[in-house]
Amino acid sequence: MGAPCRAGLILSEISLILCPKKGNWLADGFLALPYAKEVAEAGLVEADLARAGALVSIIGVREKPARIDERRFAYGVLRVSFDDIPVPEWVAADGSRWFGPYEEQVRDVLTFGRHVRAAGCDHVAVHCLHGRSRSPAVAVAMMADALGPGREAEAVSRLMTRSARPGVAPDPDSVRRILCNPGVIRLADGIMGRGGALERAVAAGVPLYAAWEGFWQAQCLVP
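Dropping the structure here:
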């Protein structure tokens, strides 16, 4: 297991957690849990996940909160609620209202990551419902924040290459299904003052990102 992480030193000494059950996957201490409701029914924390010192739990606005034994995470749990859209609010054709990430929520995530790193946490887990868009976006933003300016491409690479490591993922193709929520990426880039560097790195390193962003642009939901 890697030594405790301090701000600015995280990732270089973070060890990998073996993949929990149900096809979950992880990269450099940041974990996304596909099918979070199924995992929640199993108690969420499997033996391998128990090594995570902190958790960011992302659910949709209309979803029931994941059942989490917060006592298992010594450095705390941050619960965030937003839907997988790239703008703060959207009214669909059927009249349903959807709520995407707000700047304050992304700022809270980055602040949480900084606090737990400074406290000595060396593994942070991140989950959403399917592990394809919201949680990877949050994870890569947290990694980019930890690595510092100029290393955005490295943060993306760490996220996208995790399935090549033994024991990380039972489904190597999962890495090719990652989308990354454009709203989270855009807001994180602005909060960290990266001048578009994180957005460009994600666009270059996540194969489906451009198509995902294009889909939302077609819906007039990307500024």
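Our numbering applies: residue 52 is where the sequence shown begins, and numbers increase by one. Ideal Cβ placement from N, Cα and C applies to all residues, glycine included.
With three or more CB-CB distances shorter than 8 Å, the segment 243-252 counts as touching the segment 185-205. Between PHE150 and PHE133, the C-beta gap is smaller than 9 Å, which places the two residues in contact. Each residue's CA atom was taken as its position, placing VAL253 and GLN156 some 20 Å apart. Looking at the DSSP output, ALA105 bridges to VAL175. A residue is called buried when at least 16 other Cβ atoms come within 10 angstroms of its Cβ; GLY171 does not meet this threshold and is exposed. Per the C-alpha coordinates, the member of ASP145, VAL107 and ALA261 positioned closest to VAL167 is VAL107.
When rounded, the separation of the alpha-carbon atoms in LYS115 and ALA197 is 31 Å. Between the beta-carbon of LEU238 and that of PRO152 there is about 6 Å, and that keeps the pair under the 8 Å contact cut. Around the C-beta of SER147, fewer than 16 other C-beta atoms lie within 10 Å, and the residue is accordingly described as exposed. In the displayed model, LEU238 falls within a helix according to three-state DSSP. Scanning its chain for C-beta atoms nearer than 8 Å, with the 5 sequence neighbours on each side dropped, one finds around GLU264 the residues PRO137, PRO233, ALA254 and VAL273, in chain order. Selection ASP159, ALA144, LEU259 and ALA103 evaluated against ASP120 yields ALA103 as nearest (Cα-Cα).
Rounded to whole angstroms, the gap between the alpha carbons of LEU249 and HIS174 is 22 Å.
Out of GLU205, ILE229 and ALA169, the CA that lies nearest to the CA of ALA188 is found in ILE229. Check the Cα spacing between ARG202 and each of VAL177, ALA176, LEU180 and ARG251: the tightest is with ARG251.
Rounded to whole angstroms, the separation of the alpha carbons of ALA261 and ALA143 is 22 Å. Per the DSSP secondary-structure output, ARG148 pairs in a beta bridge with VAL142.
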